[in-house]
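In this note's numbering, the protein residues as written are 1161 to 1321.
Here a beta-carbon is modelled for each residue, glycine too, at the ideal position from N, C-alpha and C.
A quick write-up on the structure given underneath.
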């Protein structure tokens, strides 16, 4: 049964063109205000994921050293490239476990090692010390923001915020 108030006389249900234009205009204004902040957030989290990747690869180098019973290193090749290697007894590269290029995943991110270009772990997972061996990495991203990753003498990897 159809009630009288459900029947519309001569009018169609829907929106007028002006109502649709007003809604589209409001949506455009909201996107214009939120868009730049959203883009900045994406850049921030991309750079943070690059730091997480470096921390994970330092842990991989430590794990490889313990697993292989030999020295393993995190070697910085350039500000955007590094390698995780298993080393020969004389300190040269015996085998490359992993090569990483940060340019493809995180643009504008650079990794530097102020105390040296190599962080090495011995067969017990402890950080090796000596000439040319470092203990921290500085990860710089666009806007001048930095993360510092430090490896303690016992091999613990710490991300300073």
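Where residue i and residue j are concerned, what is the direct C-alpha to C-alpha distance, given to the nearest angstrom?
{"i": "residue 1263", "j": "residue 1212", "result": "15 Å"}
{"i": "residue 1296", "j": "residue 1191", "result": "41 Å"}
{"i": "residue 1221", "j": "residue 1244", "result": "6 Å"}
{"i": "residue 1205", "j": "residue 1174", "result": "42 Å"}
{"i": "residue 1284", "j": "residue 1187", "result": "59 Å"}
{"i": "residue 1309", "j": "residue 1316", "result": "10 Å"}
{"i": "residue 1293", "j": "residue 1305", "result": "25 Å"}
{"i": "residue 1248", "j": "residue 1231", "result": "7 Å"}
{"i": "residue 1185", "j": "residue 1202", "result": "25 Å"}
{"i": "residue 1180", "j": "residue 1189", "result": "14 Å"}
{"i": "residue 1199", "j": "residue 1290", "result": "43 Å"}
{"i": "residue 1236", "j": "residue 1320", "result": "19 Å"}
{"i": "residue 1177", "j": "residue 1197", "result": "31 Å"}
{"i": "residue 1218", "j": "residue 1300", "result": "17 Å"}
{"i": "residue 1227", "j": "residue 1193", "result": "52 Å"}
{"i": "residue 1256", "j": "residue 1214", "result": "16 Å"}
Report back the beta-carbon spacing between residue i and residue j to the nearest angstrom; my notes put them in contact at under 8 Å.
{"i": "residue 1288", "j": "residue 1234", "result": "In fact, because the Cβ distance is near 11 Å, the residues do not count as touching under 8 Å."}
Have a look at the options and flag the residue whose alpha-carbon is nearest the alpha-carbon of residue i.
{"i": "residue 1261", "options": "1241, 1173, 1227 and 1251", "result": "1241"}
{"i": "residue 1208", "options": "1307, 1314 and 1217", "result": "1307"}
{"i": "residue 1258", "options": "1250, 1223, 1273 and 1249", "result": "1223"}
{"i": "residue 1229", "options": "1281, 1302 and 1200", "result": "1281"}
Do residue i and residue j have their C-beta atoms within less than 9 Å of each other?
{"i": "residue 1239", "j": "residue 1210", "result": "no"}
{"i": "residue 1246", "j": "residue 1225", "result": "yes"}
{"i": "residue 1272", "j": "residue 1298", "result": "yes"}
{"i": "residue 1302", "j": "residue 1268", "result": "yes"}
{"i": "residue 1286", "j": "residue 1318", "result": "no"}
Practice problem: Could you name each continuous beta strand (DSSP E) segment of 3 residues or more that falls completely within the region 1231 to 1300, going from the start of the chain to the end? | Solution: 1232 to 1238, 1241 to 1247, 1253 to 1261, 1270 to 1272, 1278 to 1281 and 1296 to 1300
Quiz item: At what residue ranges does the region 1176 to 1228 contain a whole run of the alpha helix (DSSP H), taking only runs of 4 or more?
Solution: 1177 to 1228
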